[in-house]
Amino acid sequence: MDSQWRAKRLFPFLGILLLLSLLYLNFNNSNNNYFSFPIFLWQPKMGFVSTNSTQFIIIGDGGGGGVSAFYVNGWNSYWLMMKSVWSPSRSKVSEMLKRGAQMGLTVCRTWAFSDGRGPDALQVSPGLFNERVFRGLDYVIVEARRNHIRLILSLVNNLAAFGGKNQYVKWAKEAGVNVSLSDDSFFSNPVIKDYYKAYIKAVLKRKNSLSGVRYSEEPAIFAWELMNEPRCASSSSAPVLQAWIAEMAAYIKSLDKRHLVTVGLEGFYGLNRTNKSEVNPGIWAASLGTDFILNSAIDNIDFASVHAYPDSWIPHADLEAKTNYLSNWVDSHISDGDFALRKPVLFTEVGSRWDVDGKGVHERDVLLKIVYDKIYESAKKRQAGAGALIWQLVVEDVDRYSDQFSFIPQDSPSTYKLIKEQSRRLQRISAGHNIARKPE
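In my numbering, the protein residues as written are 24 to 463.
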């Protein structure tokens, strides 16, 4: 009788274990569609990233209440949402995030936009969204958290690829709005600004269909990026861009006080920044309406973003000239973070082609090592160099999204080794830097 009683008591417990096992297996099979049942129970605990002057910090990572320094070694894979729209290709997304984690990478920057018509458009028209594509973004966020990767989500493109600001201007014209011919009206026209604000609100208020967690409450999101590489058609639009950054950053903060916000700048200095003119890659860079210091100093911008493309920006230079330029570029922006901005500086795109010189030196490794070493030296001193994200990593069979800077890490052993070593040494610094909790 006693054994029968114990058996009856065990049956419900075993049933629950079996159900949990089935759910876990379903969740871990990245080739399957996720079911709609909330899976937050299987999501690892993660703390939100914040800032403490020129450093990134994490409060309560892993479920604890402590504060730790956070230095970033990361990468770009802008295509994650697009490959998550259809179930057969989702395994590529899972594989990319898993490989990133295996290299010790902690942050991935990717697109949270696709504006216009087409089967993979997220925003089909102002305020109208393709739910299937939104579920693809849900998948990216869940998979990132499962691999303990944080995401920088960019909200619109300066370029026409995937819609961009040009698509917003087209929508306004189609609606009969009196819009100037210049795409700079994206930054000034009140109707277009309302379109963009509505998009921001839809994304930030989104409840993940897989985890049940709102994006505004998701710790796997590292930061919101206002725009990928904002530029103006004319330098006369610089004040309009400055006002737009301030307005949109404040709007995000009104909806979401937990996440960081950055602009998405390339890092060019403006026409009035004469003491920095020699740092720019050419006279053309000052004519784009952006100014790294002025744009990044806005109160609701939490950290400064910089890009680095010596191959594209000074294409006819030899390797020595590129290394000298890049070294000065990185030093200048880290110094600005330390003394002018008092904010972390994150190199959110570092790209170089896979070129080999006559002595067999891989130029990409030479240039990437310059950035990595300077980040490392700055981090050791607890200064503003907060990390770098390589552009861009891919996996097999995503050729559609490749460009001249793309590569599969495992196919480039020397670069792969360089990336892993940077991850290790930044992790050692993070572990050794004790941070006092910020006052509430």
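For every residue, glycine included, the Cβ atom is placed at its ideal position computed from N, Cα and C.
Where residue 209 sits in the DSSP three-state scheme: helix
Residue 451 in three-state terms, based on DSSP: helix
Expected contact under 8 Å - CB spacing of residue 293 and residue 251 to nearest Å: Between residue 251 and residue 293 the Cβ distance is about 19 Å, and since that is not below 8 Å, they are no contact.
For residue 144, the three-state DSSP class (helix, strand or coil): coil
Residue 320 versus residue 98 - alpha carbon distance: 25 Å
Residue 331 - containing beta strand (DSSP E), residue span: 327 to 331
Residue 326 to residue 276 span [Cα, whole Å]: 14 Å
Burial state of residue 362, where buried means 16 or more other Cβ atoms lie within 10 Å: exposed
Contact check, residue 130 vs residue 173, beta carbons under 8 Å: yes
Beta strand (DSSP E) runs wholly inside the stretch 147 to 216, at least 3 long, in chain order: 173 to 177
Beta-carbon proximity list for residue 395, same chain, < 6 Å, skipping 5 on both sides: 445
Cβ neighbour criterion (16 or more within 10 Å) applied to residue 393: buried
Neighbourhood of residue 453 by C-beta, 7 Å cutoff - its chain only, sequence neighbours within 5 removed: 91, 92, 93 and 94
Under 8 Å between C-beta atoms of residue 352 and residue 302: yes
Cβ shell of residue 167 (< 8 Å), same chain only, five flanking positions each side left out: 120, 131, 173, 174 and 243
Close Cβ partners of residue 455 (< 6 Å) along its chain, the five nearest in sequence each way excluded: none
Other residues of its chain near residue 267: CB distance less than 7 Å, five sequence neighbours each side excluded: 210
Straight-line gap, residue 216 to residue 273 (C-alpha atoms, nearest Å): 13 Å
Residue 262, buried or exposed, once every other Cβ within 10 Å from all chains shown has been counted against 16: exposed
Rounded separation between residue 196 and residue 179 - CA only: 19 Å
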